[in-house]
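Below: one structure, written as structure tokens.
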Amino acid sequence: EGTMKSSYDNKIRDVSLSVKQTFLGISITFKTGESKSTSVCASFENINGEKRLVYTYFNTPHSEHRERSPLHIGTAMLSVEDINELTGEYYTDRNTTGDLTLKAVDTK
Numbered sequence: 800e801g802t803m804k805s806s807y808d809n810k811i812r813d814v815s816l817s818v819k820q821t822f823l824g825i826s827i828t829f830k831t832g833e834s835k836s837t838s839v840c841a842s843f844e845n846i847n848g849e850k851r852l853v854y855t856y857f858n859t860p861h862s863e864h865r866e867r868s869p870l871h872i873g874t875a876m877l878s879v880e881d882i883n884e885l886t887g888e889y890y891t892d893r894n895t896t897g898d899l900t901l902k903a904v905d906t907k
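So the working numbering is basically just the index in the sequence shown, starting at one, shifted up by 799.
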């Protein structure tokens, strides 16, 4: 669970991110109050000595928001240096960017 701040309107929004890893791959689901993103591809990478979760996603806004927020594709790079926190940025094909801060929650 956490927050994101988009360059689109500089608003801070509550978000949730779920990471599922199997022997064959990683899948990401990202949700806000306005949309849901699912990963197209995802991997853990070592970039300049920093462990990162890198994924490309397809975002589907709820229908009531599509006039101002169309379907889009994006990429996120999140630091995984702290197992209980993910931080990083995302970029979209709508020429928007944003910051993400997420903290681990108990899913039991």
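For glycine and all other residues, C-beta sits at the position ideal for the given N, C-alpha and C.
The structure presented is a predicted model; accordingly, all values stated were derived computationally and were not measured.
Asked	Found
List the endpoints of the continuous beta strand (DSSP E) containing Phe843.	Ser834 to Ile846
State the DSSP-derived secondary structure class of His861, mapped to helix, strand or coil.	coil
Between Ser817 and the ligand NAD, is the CB less than 8 Å from at least one heavy atom?	Ligands in the displayed structure: none, and consequently the ligand NAD is not present.
Can you name the residues that DSSP bridges to Leu823?	Answer is none; Leu823 lacks a bridge partner.
Asp898 and Lys804 - do their beta-carbons sit closer together than 9 Å?	yes
Measure the C-alpha to C-alpha separation of Leu877 and Arg865 and round it to an integer number of angstroms.	26 Å
Since Ala903 is in the beta strand (DSSP E), which residue starts that stretch and which ends it?	Premise fails: Ala903 is in no beta strand (DSSP E) and is neither H nor E.
For Ser842, collect the residues of the same chain with a Cβ closer than 7 Å to its Cβ; drop the 5 residues on either side in sequence, then sort them by chain order.	Ile825 and Val853
Find the nearest neighbour of Ala875 within the set Asn847, Thr886, Ile811 and Pro869, judged by alpha-carbon distance.	Thr886
Roughly how many angstroms separate the alpha carbons of Ile872 and Leu816, rounded to a whole number?	17 Å
In this structure, does DSSP put Asp881 in helix, strand or coil?	strand
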